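Under my numbering, the first residue of the sequence shown carries the number 1, and numbering increases by one thereafter.
Built from N, CA and C at the ideal position, the CB exists for glycine as well.
Just so you know, these numbers come straight off a predicted model, no measurement behind them.
Here is the structure we will look at.
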Amino acid sequence: MGVRENLSLAADVLTLLGAFFLGLVVGALLTPLRRLISSISHASGQFTKGARNVGDRLRQAFRAASEQPIDRAGWTGALAGTVFDLMTLRVRRAEASFREGIAAFDAGNHDQAQRKLNQAILWDGKQELKPLHVLAHLRLGWLHEERGALAEAREHYVTAAHLDADNLNATLHLGMVQFRLGETGPAIFQFQRALELDPGNLDTHYYLYAVYREAGMEREGLEQLRILKAGEDGGVLVELFSSHAEDSFRLGRHAEAECDYELALQLNPDRVQLYVTLGDLHYLRSEPHTALETWSRGLWIEYSEALAERLLKVGVQHDDIWPVITLLRDCLSRHGRDGRYHLLLSRWLYQAGQDTESRSLLEEAVRLSPGLLDAQVDLGDLHCRAGQEEQASAAYRAGLVAAQANETVYRCRACGYVTREEQARCFECNRWGTLDGMTRGAAEAHTAGARRLVERASAVRQRLGSVWGRITRWLPSAG
Numbered sequence: 001m002g003v004r005e006n007l008s009l010a011a012d013v014l015t016l017l018g019a020f021f022l023g024l025v026v027g028a029l030l031t032p033l034r035r036l037i038s039s040i041s042h043a044s045g046q047f048t049k050g051a052r053n054v055g056d057r058l059r060q061a062f063r064a065a066s067e068q069p070i071d072r073a074g075w076t077g078a079l080a081g082t083v084f085d086l087m088t089l090r091v092r093r094a095e096a097s098f099r100e101g102i103a104a105f106d107a108g109n110h111d112q113a114q115r116k117l118n119q120a121i122l123w124d125g126k127q128e129l130k131p132l133h134v135l136a137h138l139r140l141g142w143l144h145e146e147r148g149a150l151a152e153a154r155e156h157y158v159t160a161a162h163l164d165a166d167n168l169n170a171t172l173h174l175g176m177v178q179f180r181l182g183e184t185g186p187a188i189f190q191f192q193r194a195l196e197l198d199p200g201n202l203d204t205h206y207y208l209y210a211v212y213r214e215a216g217m218e219r220e221g222l223e224q225l226r227i228l229k230a231g232e233d234g235g236v237l238v239e240l241f242s243s244h245a246e247d248s249f250r251l252g253r254h255a256e257a258e259c260d261y262e263l264a265l266q267l268n269p270d271r272v273q274l275y276v277t278l279g280d281l282h283y284l285r286s287e288p289h290t291a292l293e294t295w296s297r298g299l300w301i302e303y304s305e306a307l308a309e310r311l312l313k314v315g316v317q318h319d320d321i322w323p324v325i326t327l328l329r330d331c332l333s334r335h336g337r338d339g340r341y342h343l344l345l346s347r348w349l350y351q352a353g354q355d356t357e358s359r360s361l362l363e364e365a366v367r368l369s370p371g372l373l374d375a376q377v378d379l380g381d382l383h384c385r386a387g388q389e390e391q392a393s394a395a396y397r398a399g400l401v402a403a404q405a406n407e408t409v410y411r412c413r414a415c416g417y418v419t420r421e422e423q424a425r426c427f428e429c430n431r432w433g434t435l436d437g438m439t440r441g442a443a444e445a446h447t448a449g450a451r452r453l454v455e456r457a458s459a460v461r462q463r464l465g466s467v468w469g470r471i472t473r474w475l476p477s478a479g
């Protein structure tokens, strides 16, 4: 009994001690807790105001987007900036990929451009950067068009035209791809829309003309051609047709390129480069005779190394070369003072077995153009084959002199010093920046001219000295 009573008394004591300490703790914490609750109740307006400030900063961020940096001052600005960065992460990455893709496209790195542009389109799935989407689809369409993937190119052009209905390039490219896919009706519709966007655009009229021409709609095609020619400068039209012809040539549309080159030559038959590419087209289409005639027509206008090289290369493979020789004779009759025509005709005559006439033309070429190295070499070879060693040696020496005369040297305009290497300072007169590049023949001509001036000045001095001596003999002496 005694033990049980002692345990009960100990439990009561512990209970009283616990209650005492609990009351002490509650009494100590009651005042700070009451103050906290009071401050929270009084500060509800401040929290509401802070939340409103954060909302204002976010709205400012979305209004400004990337045009101007948001105000990140204070904790509300920092919070708004962080939220803005998180919510615009995809758009900012998309914009960076757009820029990188367009830069790669302009630099000619087409594989990287396609990868970056496709990546940008995926990042900006909501198309918030619409103008960049239009540029990306136009460039992706062009890349697919270059690779012959016309269906994929059409999809990109359709998307670009949908995003920007007033985009002339998207409308024109879509029309051309549709036409190449055999969709003539939709292509004409797109070009007519393009005319509504820009009635004076020459490319649009050209594309309509090309579509009508290929579709066999001659009356409509002639009408567009008439519109193109009406009131436009001939040089502008030549550039228009030649540029489109080059595009068609590059894409393998040889028939279209041929028609455009012929139109350009009708407007300006003196453009020698057009004869080069038109002849190339005929040659690629297995029309060597027509190609030779075209290149010869260009030579009749003006001499061109590109035309001469093509004539010689293809002429070796051609059986009947006399029509070309006849055309070259006509060219020679017009440009009789240019030794290069004599050289070219002599080579063709040599292929035809006319050695005597070939030799006389070579000799005339050397006489007219002593600096024509190829003529000197051919003439030396001709003498060698005939066993005329002395004449051959003289021709080769003349060729070496011609080659040396055509060598590039640098002559000091102050003192006439000549060197083979470009230098900043003249070694002879110690002047800076006085060395001019020219052929050795021109440098020797300058030196000869200066030497003649010196000789003339010396002769004048001698004459003046002689005259003065005669005068002094007639003067009275000082004594």
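Per DSSP, the beta-bridge partners of residue 438 are 409. Counting only residues of its own chain and dropping the five nearest sequence neighbours on each side, residue 93 has a CB closer than 6 Å to the CB of 123. Pairing residue 114 with residue 140 gives a Cβ-Cβ distance under 9 Å. Here residue 358 really is in contact with residue 346; their C-beta atoms are around 4 Å apart, less than 8 Å. Below 8 Å, enough C-beta pairs join the segment 371-385 and the segment 334-348 to call them touching: three or more. In this structure, 292 is the residue among 230, 335, 302, 292 with its C-alpha nearest to the C-alpha of residue 325. By the CB criterion at 9 Å, residue 175 and residue 207 fall inside the cutoff.
Within the segment 315-398, the complete alpha helix (DSSP H) segments of 4 residues or longer fall at 322-334, 339-351, 355-368, 373-385, listed in chain order. With fewer than 16 other Cβ atoms inside 10 Å of its own Cβ, residue 420 counts as exposed.
Residues of the same chain with a CB within less than 7 Å of the CB of residue 169, apart from the 5 flanking positions on each side, are 138 in chain order.
With a cutoff of 9 Å on beta-carbon distance, residue 248 and residue 256 are scored as near each other. Using a C-beta cut-off of 8 Å, the segment 152-168 makes no contact with the segment 264-276, since fewer than three inter-stretch Cβ pairs fall below that distance.
The secondary-structure analysis by DSSP pairs residue 159 with nothing; it has no beta-bridge partner. Around the C-beta of residue 145, 16 or more other C-beta atoms lie within 10 Å, and the residue is accordingly described as buried. DSSP, read as helix, strand or coil, puts residue 147 in coil.
If you compare the alpha carbons of 426, 254, 379, 193 with that of residue 396, the shortest gap goes to 379.
Look at residue 99 here: in three-state DSSP terms it is helix. Within the segment 279-307, not a single complete beta strand (DSSP E) segment reaches 3 residues in length.
Residue 184 and residue 165 do not touch by the CB rule: their CB atoms are close to 22 Å apart, not below 8 Å. Across the structure, residue 189 and residue 212 are spaced so that their CA atoms are roughly 12 Å apart. The alpha carbon of residue 97 has as its nearest neighbour, out of 126, 132, 107, the alpha carbon of 132.
Within its own chain, the residues whose Cβ lies closer than 6 Å to the Cβ of residue 260, once the five positions on either side in sequence are excluded, are 241, 244, 245, listed in chain order.
Residue 151 sits close to residue 181, with the two beta carbons spaced by under 9 Å. Residue 425 sits in a strand when the DSSP states are folded into three classes. Inter-residue distance for residue 348 and residue 327 is about 11 Å (C-alpha atoms, whole angstroms).
Here residue 316 is actually not in contact with residue 298; their C-beta atoms are around 19 Å apart, not less than 8 Å. Taking the Cβ atoms as the reference, residue 130 lies roughly 20 Å from residue 172, outside the contact range of under 8 Å. Its chain contains no residue whose beta carbon lies nearer than 7 Å to that of residue 155 once the 5 sequence neighbours on both sides are disregarded. Residue 427 counts as exposed, since fewer than 16 other beta carbons sit within 10 angstroms of its beta carbon.
Just so you know, the alpha carbons of residue 281 and residue 314 end up roughly 13 Å apart. For residue 312 and residue 295, the gap between their C-alpha atoms comes out near 11 Å. Using a 10 angstroms sphere on the CB of residue 167, the tally of other CB atoms reaches 16 or more, which defines it as buried.
Counted as a single uninterrupted DSSP element, the alpha helix (DSSP H) harbouring residue 203 occupies residues 202-214. Ranking 142, 200, 329, 136 by CA distance to the CA of residue 230 puts 200 first.
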